[in-house]
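So the sequence shown is numbered by the working numbering: it starts at 5 and just counts up by one. What follows is a set of notes on a single structure, which appears directly below.
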Amino acid sequence: MFQGYIDLDSATAVEASAIPDVLFERGLYWASGRSGVVNLVAAHKWFNLAAVKGRADAMQMRREVAELMSEVEIAIAQREARAWITAH
């Protein structure tokens, strides 16, 4: 498990042209708890973006994560994905 600190202020943003694999990896990162924290909202968001970019297995992962989430959490994740697409 990662024991360090991630400086989000200096982290490189994922651009809109990012390959689906990178977006999928971000979903795995949050779904697996590699950061030390499982964040299903973030995982759903990144799997959703990977699916939009054409990563077929991201759809299945998004469904699996959604089964563990409330409707409110899913709505938040969807809003965050739309906001990311709009911003990038």
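Just so you know, even glycine gets a beta-carbon here, dropped at the ideal spot from N, CA and C.
Run of the alpha helix (DSSP H) containing residue 43, from where it starts to where it stops: Numbered from its first residue, the sequence shown carries residue 43 at position 39. Where residue 43 is concerned, there is no enclosing alpha helix (DSSP H), because DSSP gives it neither an H nor an E.
Cut-off 8 Å between Cβ atoms - residues of its own chain near residue 42, not counting five sequence neighbours on either side: Taking the first residue of the sequence shown as 1, we reach residue 42 at position 38. So the list reads 34, 35 and 36, once near-sequence residues are dropped.
Given residue 67 as reference, the closest of 80, 25 and 52 once Cα atoms are compared: Locating residue 67 in the sequence shown gives position 63, counting from the first residue. Proximity to residue 67 across 80, 25 and 52 peaks at 52, based on C-alpha coordinates.
Residues of its chain near residue 48, where Cβ-Cβ distance is below 7 Å and the 5 sequence neighbours each way are ignored: Here residue 48 refers to the residue found at position 44 when the sequence shown is read from its first residue. Closer than 7 Å at Cβ, skipping near neighbours: 66, 69, 70, 73, 78 and 81.
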